[in-house]
Amino acid sequence: MSKMIGMSQKKDVVVTENLQMVYRVGKVEVPALRGVDMTVKEGEFVAVMGPSGCGKSTLLHLLGGLLTPSAGSVRIDGIDLASIGDNKRTEVRRNKIGFVFQRYNLLPTLTAEANIELAKRIHGNGHKFETSARELLTMLGLEHKLHHKPSELSGGEQQRVALARAVVNRPSILLADEPTGNLDSENSQIVLDMLQTLNKKHRQTIVMITHDSEAAATASRILEMRDGRILNRVKNLFYAVEPTSL
Ligand SMILES: Nc1ncnc2c1ncn2[C@@H]1O[C@H](COP(=O)(O)OP(=O)(O)O)[C@@H](O)[C@H]1O
Ligand SMILES: [Mg+2]
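Residue 233 in the numbering used here is what sits at position 93 of the sequence shown, and the numbering runs on without skipping anything.
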């Protein structure tokens, strides 16, 4: 599949149709998603906002193939996740999707650099970030922390390493679940600035969940969720935000 960089038709990276998820807890059914139709185009930075429990994490896990929907479909780069087997789905996840979670999930025994290098080796898909782990960490202001282990890094630093790890293989889509949820405002701003840089300079397509409206304002489009659904009211904030100074 050819990339149409710079051309007017942007390809659909994520498409969901009538996506539904019902969790079963014993005999109780918990409807978490009640039919979500969304499309994310190449190069978009979409924020998904909504109150706790409205289904945001469920949506993100379904987009990333970490959960199987009760009904409906998810297509990533044109591949219907339900139409392929588990092995192929794992491959799609490794090659096309980068994850960042509220908890950084770094391997505790490895240094920052080694965490990223490992991701590169596991998920190698031939579309490597043109930079090395070292260069990526330098871009994130962590060049002096290359050889530190997660326990020797602050929360903000760990999240920057997690972000570097998520994008080192140039995923088609970066999925971020409350990436600033555990961070103070200074570190939140650093992580949000990084996401913007990745989006603007490296054309990284991003879906970010947040319940923080300031975080959402860094995105180019905001989807609001309530009670398992995306509301029709969509804010487009392309020019609504003052550029932040670095
Ligand atoms: N593994 C699970 N088992 C049962 N119910 C779940 C599970 N995960 C989430 N839920 C329920 O699904 C709904 C949506 O949860 P979630 O997607 O985590 O929302 P959000 O991320 O917006 O806070 C909530 O009612 C939650 O309690
Ligand atoms: Mg959540």
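For each residue, glycine too, the CB sits at the ideal point set by N, CA and C.
Computed from a predicted model, the values in this text were never measured in an experiment.
Residue(s) in a DSSP beta bridge with residue i
i    : result
D317 : I349
P290 : None, per the DSSP bridge assignment.
K247 : According to the sequence shown, residue 247 is Leu rather than Lys. Note: L247 sits in no beta bridge, so no partner.
F185 : I346
E169 : R164
T358 : Answer is none; T358 lacks a bridge partner.
I370 : M365
T156 : M178, V214
G238 : L314
E219 : First, the residue type needs correcting, since residue 219 is Ile and not Glu in the sequence shown. In the DSSP output, where bridge partners are listed per residue, I219 has I216.
Sequence-distant residues of its chain with Cβ nearer than 7 Å to residue i (five each side left out)
i    : result
Q160 : L173, R174, G175, P209, S210, A211, G212
N255 : L246, L247, V301, R305
E157 : D177, G212, S213
H288 : T251, A252
Residues near residue i by beta carbon distance below 8 Å, same chain, minus five either side
i    : result
D367 : R174, C194, G195
D220 : S213, V214
E169 : V162, Y163
6 Å Cβ shell around residue i - same chain, five flanking residues per side excluded
i    : result
L386 : Here L386 scores only 38 on pLDDT, less than 50, and its place in the model is too uncertain to base an answer on.
N322 : Q242, G295
L200 : L315, D317, I349
A273 : E253, I256, E257
Whole-angstrom C-beta distance between residue j and residue i, which should lie under 8 Å
i    : j    : result
T311 : M348 : For clarity, residue 311 is Pro in the given sequence; the question names Thr instead. The Cβ separation is near 14 Å, so there is no contact.
V153 : E182 : 5 Å
I346 : L314 : 5 Å
L286 : L277 : 6 Å
Q299 : Y244 : 5 Å
V180 : G238 : With a Cβ gap of about 14 Å, V180 and G238 do not count as contacting.
is_contact[residue i, chain C] using C-beta, thresh 8 Å
i    : result
A306 : Here there is only one protein chain, and chain C is not present.
Inter-stretch contact at 8 Å, needing at least 3 Cβ pairs: the region 185-194 / the region 346-366: Short answer: they touch.
Touch test, the region 221-236 against the region 277-294, Cβ-Cβ under 8 Å, three pairs minimum: Short answer: they don't touch.
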